[in-house]
Every structure is written in C-alpha cells, then in structure tokens.
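Since the structure comes first, as structure tokens, the remarks are kept for the end.
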Amino acid sequence: MACFERASPALKDILLRIYRAEKPVEIDHHLYEFGSVQYHIQSSASDPHHTYLSISTPLLSQGSLLSHGLSQYTIEMVKGVNADAVDIVEPAKVGYQLTLRLNFDKIPRGKDSVKVITQISAAQAVILSSQLKEMLQNVNSQVSFQGMHKPIKLVYHPREPFFVIRQPQKILAVFPMRFKENSDVIIATAFFQELMDVGSSKEWAKAPPCIWSPIPPPELRGELFEDLSTNGGFISFEISSRHVEGKRLDKTLWSLLNFYAYVKYHVKCTRGFIQRRMRKRLESLVQCQSSNCPNSQKIIRADKKVTVIVYVTCRYCKRQAQRQKNHLQKIKIQDVII
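Heads up: the sequence shown begins at -9 in the numbering used here, then just goes up one per residue.
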C-alpha cells in the first residue's frame, strides 16, 4: 500500500521509543527508505538530553543545493518545525545534508509530544518540498527573470521526474506517465479521462484545471528524449494563486509530490477489483453448470437440523468450467471495465 504521510513511520517509531524510554538508551541506528533516503539516529547515555538525527535525501533539483549546504529558505522551514526542541548542527555530518540536535526535555508531555515528534519525522519531506513551495508561494510574482518559461525538472521518486514551468500568474506542473503493464496503461488512461471530466464540472470549478494528452505539451519542447518517452501520456495541472493561499499551499504541494503514488494506488486497487469480479463470475458459472448438469450427482447430507446439498460435477462440466476459466483469462480488461 502506498504511504501518503509526510512523516516517516519508521523514524517516528524510533524517536518515540527514545522519548518514552525510562532510562537513557544507547542507539546508533541507520535507517534506509524508498527513494535513496537515509537517516542516522544517535543517542548516548553519556548525553541523555540530546539525540542526533542526520538526514540524507535526493533533492528535487540540484539548484536547491548551494555551495555551503541547504538554501536559507530550507533552513528556515526546518527551524519552523519546533524551535524549542530542534537545533540545526553546522556543519552537518559528512554524507548528510542536515543534522539535527533534538532535546526531548523541551517537548511537552502528553498528546502534544506525539504531534511534535511527528513534525520532526517529517523533516525529510520539508527538505524536499522547500524549493517547490518557494516557487508556489511566488506564483503571483510580476518579476520576469531569465529562464522563466524554461521547464524545471524535479525528481521526488526515482525514475519518475516531473516538470514545473513558471508562467505569468500561474505555474504548470507536467507529469510524464509510464507503466510496465499494458493493462495498467488502460486503467490509468480511463482514470485520467475521468479526472478531466470531473475537473471540468461546476462542483470542482475551484480545483486546478487538469489536462491529459498522449503527446508532450508544447512547454516541454527541447527536453531529453528519455524524459518524454512514455506509454501513458502526459497529465498537466495549472496552479494559480487561489490554490496556494493559506493552508491550501501545503495540500497542493503534497498532492503534486505524491501524484505518481496516487495513480499507482488507484491502478492497483482497480486491478484488484477487476480480478475479484472475474473470480465471482467464474464461480457463478461453475455453480450454475453444476446445479443444471443432468449427469451430476445430488447428495443430501443430514446432520441434526442442518441439511446440506452437495453437487458432484461430472467430467464434462469440469471441462466446460475449465474452458470458461481460460476464456475469462483472455478477456481484455477494457471489456471487463465496461
């Protein structure tokens, strides 16, 4: 199942164990997660008041990594997680972009402690999203700069880049869609078309306009061929000022970063639904043939107040059922959906 949480569940569990421990614990643990993300958690009994957390993550764009480390905007966002309990250690540990010193004594007790540790566990998402968030915040900027209409390639998940194009009064996000199975392409294409239809309705007029096209949009002309070679087309979203106001900014940002994960989750659930329908259809055919077969044997078993009727299918019906099963397996997925 896809994980759409900003906070790392594994990192959150480790930090909660350290926080709730009755005695100081010795921990020197490396944690690896999907997307080449690495955490290093260090806690020593000689320094029971501090725990050190180092984070290494691929950045969305190399432009967000300056010569001296993370951008100032990213550092300010990390400091905003919890200024009392979190300090940034400079320089960061070798091999990591960021090292945090956590003071659990300054974390409030009770339910608020889980909330604070959850925010700390989302530091990696804060680092990744800082550059895109800065771009979305400046969507209304009237200042023109060199390369304003040039696509910026961003990578949140490996081998799944997407592009952001700055335009006057809006930002265009384009996702090249790739799938391994042809059946996944069929399901995803139907989903994209439905997404466009729903997005154009009055009920969803405030949502970002969505456009799907089997060919690259004109804004991506000149990009590498490997980035434009897809079998699922291109899905585009237009982000305007009303989509980044107040709390909508974080929601819009997180939806863009996890759009690939949402699509994969939808495809996986749809395939499971289709397979269940095919199994039920096969079972109903077998049951129908078994009950109507003149050569089948009807056995009645009586046990106290319960009577069970069992049909023993003949060889002919078994062969027919196997033929029906093979036929169902050859049915195209688009026919099943319809």
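The beta-carbon is built from N, C-alpha and C at its ideal position, and this holds for glycine as well. Bear in mind the structure is a predicted one, so any value in this text is a computation, not a measurement.
| Item | Value |
| --- | --- |
| Distance between Gln121 and Leu88 (C-alpha atoms, nearest Å) | 16 angstroms |
| 4-residue-minimum alpha helix (DSSP H) runs that sit fully inside the region 68 to 139, ordered along the chain | 101 to 111 and 113 to 127 |
| Residue interval of the alpha helix (DSSP H) (run including Arg7) | Pro(-1) to Arg10 |
| DSSP state of Glu213 mapped onto helix, strand, coil | coil |
| Distance between Thr41 and Asp32 (C-alpha atoms, nearest Å) | A small correction: the amino acid at residue 32 is Gln; Asp does not occupy that position in the sequence shown. For Gln32 and Thr41, the distance between alpha carbons rounds to 6 angstroms. |
| Beta bridge counterpart(s) of Lys241 as assigned by DSSP | None; Lys241 has no bridge partner. |
| Span of the beta strand (DSSP E) around Val154 | Glu150 to Gln157 |
| Residues near Ala75 in its chain [Cβ-Cβ closer than 8 angstroms; skip 5 each side] | Leu92, Asn93, Phe94, Lys96, Ile97, Val106 and Ile110 |
| Classification of Asn172 by the beta-carbon crowding that lies within 10 angstroms, buried from 16 upward | exposed |
| Limits of the unbroken beta strand (DSSP E) element including Ile45 | Asp37 to Ser46 |
| C-beta contact flag for Cys200 and Gly189 at 8 angstroms | yes |
| Neighbour-count burial assignment, His20, 16 or more Cβ in a 10 Å radius | exposed |
| 7 angstroms Cβ shell around Glu124 - same chain, five flanking residues per side excluded | Tyr63 |
| Exposure label - Arg(-4); buried when at least 16 CB within 10 Å | buried |
| Chain-order list of residues whose beta-carbon lies under 8 angstroms from that of Gln183 (same chain, five-residue window excluded) | Trp202 |
| Exposed unless 16 or more other CB atoms sit within 10 angstroms - verdict on His39 | exposed |
| Spatial distance of Pro204 from Leu43 (CA atoms) | 44 angstroms |
| Top-ranked residue by Cα proximity to Glu209, from His233, Ile17 and Pro166 | Pro166 |
| Closest by C-alpha distance to Ile225, when choosing among Phe169, Val164 and Leu246 | Val164 |
| Assigned secondary structure, Leu229 (DSSP; H/G/I helix, E/B strand, else coil) | A small fix is needed here, since residue 229 is Ile in this sequence, not Leu. Reduced to three states, the DSSP call for Ile229 is strand. |
| Proximity of Leu214 and Leu144 at Cβ, strictly below 8 angstroms | no |
| Assigned exposure category for Ser119 - 16 Cβ within 10 Å defines buried | buried |
| Contacts around Leu1, its chain only, beta-carbon distance under 7 angstroms, and the 5 residues preceding and following it disregarded | Leu21, Tyr29 and Ser111 |
| Alpha-carbon to alpha-carbon, Ser61 and Ile45 | 15 angstroms |
| Rounded separation between Pro206 and Lys140 - CA only | 15 angstroms |
| Rounded C-alpha distance that separates Ile78 from Lys69 | 8 angstroms |
| DSSP beta-bridge partners of Phe165 | Ile225 |
| Whole-angstrom distance between Ile264 and Lys83, CA atom to CA atom | 49 angstroms |
| Length of the line joining the Cα atoms of Ser245 and Val276 | 45 angstroms |
| Val145 - containing beta strand (DSSP E), residue span | Ile142 to His147 |
| Residue range of the unbroken beta strand (DSSP E) whose run includes Leu50 | From DSSP, Leu50 is part of no beta strand (DSSP E); its letter is neither H nor E. |
| Assigned secondary structure, Lys160 (DSSP; H/G/I helix, E/B strand, else coil) | strand |
| Extent of the continuous beta strand (DSSP E) run through Ile205 | Ile205 -> no beta strand (DSSP E), and no H or E assigned at all. |
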